[in-house]
Amino acid sequence: MRIAVVGAGYVGLVTGACFASSGRDVVFVDVDEGRLEKIRRGESPIYEPGLSEMLRRNLDAGRVSATSDATRAYREADAIFLCVGTPTGADGDAELGAVFACADQIAEALRERDAGAAPPLVVVKSTVPVGTTHAIGRRLSERSGGAAFRLANNPEFLREGSAIGDFLRPDRVIVGVEDEDAGALLRDLYEPFTRHGGAGVMALDIRSSEMVKYASNAMLATKISFINEIAGLCEAYGADVEAVRRGMCADERIGPHFLFPGLGYGGSCFPKDVRACLEMGRRAGVATELLAGVDAVNRRQRARFAERVAARFEREGGLAGRRLAVWGVSFKPNTDDIREAPAVDIIRALAERGAGVTYFDPEAEANARGALGDVADAAPDPYLAAVGADALLLCTEWDEFTSPDFDRLRRAMARPIIFDGRNVMSREHALAAGFELYSVGRPDAARASVEVRTRAVAPPVARQGIGAGAELGRRPKKNG
Ligand SMILES: NC(=O)c1ccc[n+]([C@@H]2O[C@H](COP(=O)([O-])OP(=O)(O)OC[C@H]3O[C@@H](n4cnc5c(N)ncnc54)[C@H](O)[C@@H]3O)[C@@H](O)[C@H]2O)c1
Numbered sequence: 001m002r003i004a005v006v007g008a009g010y011v012g013l014v015t016g017a018c019f020a021s022s023g024r025d026v027v028f029v030d031v032d033e034g035r036l037e038k039i040r041r042g043e044s045p046i047y048e049p050g051l052s053e054m055l056r057r058n059l060d061a062g063r064v065s066a067t068s069d070a071t072r073a074y075r076e077a078d079a080i081f082l083c084v085g086t087p088t089g090a091d092g093d094a095e096l097g098a099v100f101a102c103a104d105q106i107a108e109a110l111r112e113r114d115a116g117a118a119p120p121l122v123v124v125k126s127t128v129p130v131g132t133t134h135a136i137g138r139r140l141s142e143r144s145g146g147a148a149f150r151l152a153n154n155p156e157f158l159r160e161g162s163a164i165g166d167f168l169r170p171d172r173v174i175v176g177v178e179d180e181d182a183g184a185l186l187r188d189l190y191e192p193f194t195r196h197g198g199a200g201v202m203a204l205d206i207r208s209s210e211m212v213k214y215a216s217n218a219m220l221a222t223k224i225s226f227i228n229e230i231a232g233l234c235e236a237y238g239a240d241v242e243a244v245r246r247g248m249c250a251d252e253r254i255g256p257h258f259l260f261p262g263l264g265y266g267g268s269c270f271p272k273d274v275r276a277c278l279e280m281g282r283r284a285g286v287a288t289e290l291l292a293g294v295d296a297v298n299r300r301q302r303a304r305f306a307e308r309v310a311a312r313f314e315r316e317g318g319l320a321g322r323r324l325a326v327w328g329v330s331f332k333p334n335t336d337d338i339r340e341a342p343a344v345d346i347i348r349a350l351a352e353r354g355a356g357v358t359y360f361d362p363e364a365e366a367n368a369r370g371a372l373g374d375v376a377d378a379a380p381d382p383y384l385a386a387v388g389a390d391a392l393l394l395c396t397e398w399d400e401f402t403s404p405d406f407d408r409l410r411r412a413m414a415r416p417i418i419f420d421g422r423n424v425m426s427r428e429h430a431l432a433a434g435f436e437l438y439s440v441g442r443p444d445a446a447r448a449s450v451e452v453r454t455r456a457v458a459p460p461v462a463r464q465g466i467g468a469g470a471e472l473g474r475r476p477k478k479n480g
């Protein structure tokens, strides 16, 4: 079976490489010639663990190629997977220009196919608003002069950073199909990955399949905003959200997954998919207040973090002229993707207040330079980023940031102040090394939180001044 994968991005590259690994012939199609050239050299155009090796292996085996000749690739393919981007458009809805541009090219190729060839399967893998796959089907029919094809929706659930493992061992594969042959073809294609367990291939109607993707991402985004809202309450009332989280997650009905407080969600999926749900609701006159709240909490979370940093320096003359180090720019660890990354907004907000920012990211530096330009400087090493800094902000929980050499860090920095936006650093070690440590949803200021607990009416800790954490930094706990 020959598969054309359109859109050599995070989803397309992983999809194509994994299908090739299971013995299929895969041709990548993209409008970005630079990406195609890298694939031909056996290099991944994006950073994703294991992807370059997988591409090279399959290239050497002759199962992978890359072309900008879309019409030819579609003419010869048995299955075409649409994996192009569907970013947020001007009105908050998904921007479907790339998807429909591809559909038009596929229609052109359908007209030119051999009359005797089996109709190809056109699979919409991009995340698209409900009804889009059918609209693509109608467009293919109209513009190909009624040529035969099969149509399916097949949303992708991989996570950047662990995308290959997710694709090879999926919890489930959702396919939206309306004819048995399309379902059988997709079952066959995914069989190497579903035979190991999980729920296997679940065949739904096309509209429900499209909706599963939005509902899943909206649910995950809701969990993140929920715990961040609880973290805000914990901060104000002196509770520790990490302890709260453990306590609530022990309830089987709640469970331990995806309830980590931090700087909120980012990336190319959750923010845009929540917004697309809001837009679907608006168009249909269906209220989506919960998801509007999820979006609002998420936007506020990163702004609040920048405000906390600014508040810490307020009584010392503000942020102007301060040096800040930022560890991590990618929206999550193990990816170079900075789309809608909290760190980018936080860096911009702090630079606007006059701070000089130096950042380090293990993989996202090139993308960060593109997005941040002159707003901030990049450093080649986390400790170099910290040299002379008045504070360090941990924005992405890359493993290497979780247990730094605190003594070395303290020597490098001008002031021993850390804002841990992901709650991954050891409080005990940071405090023992003499740092003031601020995290999310935790009582940074021991004295202030004790005061809160003993008062009849508790004023929020934040209004008492975050700076009380300095006391804690100088008097680490005995067992720390
Ligand atoms: N990134 C993720 O983690 C993830 C996970 C699940 C689903 N999705 C969904 O998958 C889709 C793709 O996301 P992505 O992150 O891989 O996008 P991406 O931006 O990384 O890649 C898209 C690719 O499509 C190419 N492209 C654009 N227009 C084209 C055209 N007309 N013809 C050929 N190629 C074209 C671009 O050059 C780019 O290489 C989106 O709908 C997204 O919501 C993404």
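Those letters in the sequence shown? Residues 1 to 480, by the working numbering. By construction, the Cβ of each residue, glycine as well, lies at the ideal position given by its N, Cα and C atoms.
Rounded to a whole number of angstroms, what is the C-alpha to C-alpha distance between Ser162 and Asn334? Within the sequence shown, residue 162 is the residue found at index 162, counting from 1. Within the sequence shown, residue 334 is the residue found at index 334, counting from 1. Looking at the backbone, the Cα of Ser162 and that of Asn334 are separated by about 8 Å.
Give the single residue among Glu340, Pro129 and Thr194 whose Cα lies nearest to the Cα of Asp93. For the purposes of this step, residue 93 is taken as residue 93 along the sequence shown, with counting starting at 1. Comparing alpha carbon positions, the residue from Glu340, Pro129 and Thr194 closest to Asp93 is Pro129.
Which residues have a Cβ closer than 6 Å to any heavy atom of ligand 1, listed in chain order? Every residue whose Cβ sits closer than 6 Å to any heavy atom of ligand 1 is listed here in chain order: Val6, Gly7, Ala8, Gly9, Tyr10, Val11, Gly12, Val29, Asp30, Val31, Asp32, Arg35, Cys83, Val84, Gly85, Thr86, Ala98, Ala101, Cys102, Ser126, Thr127, Glu156, Leu158, Glu160, Ser268 and Cys269.
Within 10 angstroms of the Cβ of Glu180, are there 16 or more other Cβ atoms? Answer buried if so, exposed if not. Sequence index remark: in the sequence shown, residue 180 carries index 180 (1-based). Residue burial annotation: Glu180 is exposed, with fewer than 16 other C-beta atoms found within 10 angstroms of its C-beta.
Distance CB(Ala70)-CB(Pro120) smaller than 7 Å: Locating residue 70 in the sequence shown gives position 70, where the first residue counts as 1. Locating residue 120 in the sequence shown gives position 120, where the first residue counts as 1. Not in contact: Ala70 and Pro120 (Cβ atoms no closer than 7 Å).
So, does the region 109–127 touch the region 79–94, judging by three or more C-beta pairs under 8 Å? Here the region 109–127 lies against the region 79–94, with 3 or more beta-carbon pairs under 8 Å apart.
Which partner residues does Val122 have in the DSSP bridge list? To locate residue 122, count along the sequence shown from 1; it is residue 122. Paired residues: Ile80 and Leu151.
By the DSSP assignment, the alpha helix (DSSP H) with Asp251 in it spans what residues? Against the sequence shown, residue 251 aligns to sequence position 251. Here Asp251 belongs to no alpha helix (DSSP H), and DSSP marks it neither H nor E.
Classification of Leu158 by the beta-carbon crowding that lies within 10 angstroms, buried from 16 upward: Here residue 158 corresponds to residue number 158 of the sequence shown, with the count starting at 1. So Leu158 ends up on the buried side.
Endpoints, the beta strand (DSSP E) within which Asp25 is located: The residue labelled residue 25 in the question sits at position 25 within the sequence shown. Going by DSSP, Asp25 is part of the beta strand (DSSP E) stretching over Asp25 to Val29.
What are the boundary residues of the alpha helix (DSSP H) that Glu314 is part of? The residue you call residue 314 lines up with position 314 of the sequence shown. It spans Glu289 to Glu314 - the alpha helix (DSSP H) in which Glu314 sits, taken as one unbroken run.
Need the endpoints of the beta strand (DSSP E) that Glu436 sits in, please. The count along the sequence shown starts at 1 and reaches residue 436 at position 436. In the DSSP assignment, Glu436 falls within the beta strand (DSSP E) that extends over Glu436 to Tyr438.
Tell me whether Met280 is buried or exposed, calling it buried when 16 or more other Cβ atoms sit within 10 Å of its Cβ. Locating residue 280 in the sequence shown gives position 280, where the first residue counts as 1. Counting other Cβ atoms within 10 Å of its Cβ, Met280 reaches 16 or more and is therefore classed as buried.
What's the gap between the Cα of Arg312 and the Cα of Cys269? Numbered from 1 along the sequence shown, position 312 holds the residue referred to as residue 312. Numbered from 1 along the sequence shown, position 269 holds the residue referred to as residue 269. The C-alpha of Arg312 lies about 33 Å from the C-alpha of Cys269.
Going along the chain, which residues of its own chain have a beta-carbon closer than 6 Å to the beta-carbon of Ser144, five neighbours each way excluded? Here residue 144 corresponds to residue number 144 of the sequence shown, with the count starting at 1. The answer, listed in chain order, is Ala107, Leu110 and Arg111.
What would DSSP say about Phe401, mapped onto helix, strand or coil? As a working mapping, residue 401 is identified with position 401 in the sequence shown. Helix, per DSSP.
Alpha carbon to alpha carbon, what distance is there between Pro382 and Gly328? Along the sequence shown, one-based indexing puts residue 328 at 328. Along the sequence shown, one-based indexing puts residue 382 at 382. Those two C-alpha atoms are separated by around 9 Å.
Exposed or buried, Ala17, counting other C-beta atoms within 10 Å across all chains shown (16 or more means buried)? By one-based count along the sequence shown, residue 17 stands at place 17. Buried.
Could you name the residues of the same chain whose beta carbon sits closer than 6 Å to that of Tyr214, not counting the 5 residues immediately before and after it, in chain order? The sequence position of residue 214 within the sequence shown is 214, counting from 1. Asp273 and Cys277.
Could you check if Ser403 is buried or exposed, using at least 16 other CB atoms within 10 Å of its CB as the buried criterion? Translated into the one-based positions of the sequence shown, residue 403 becomes position 403. So Ser403 counts as exposed.
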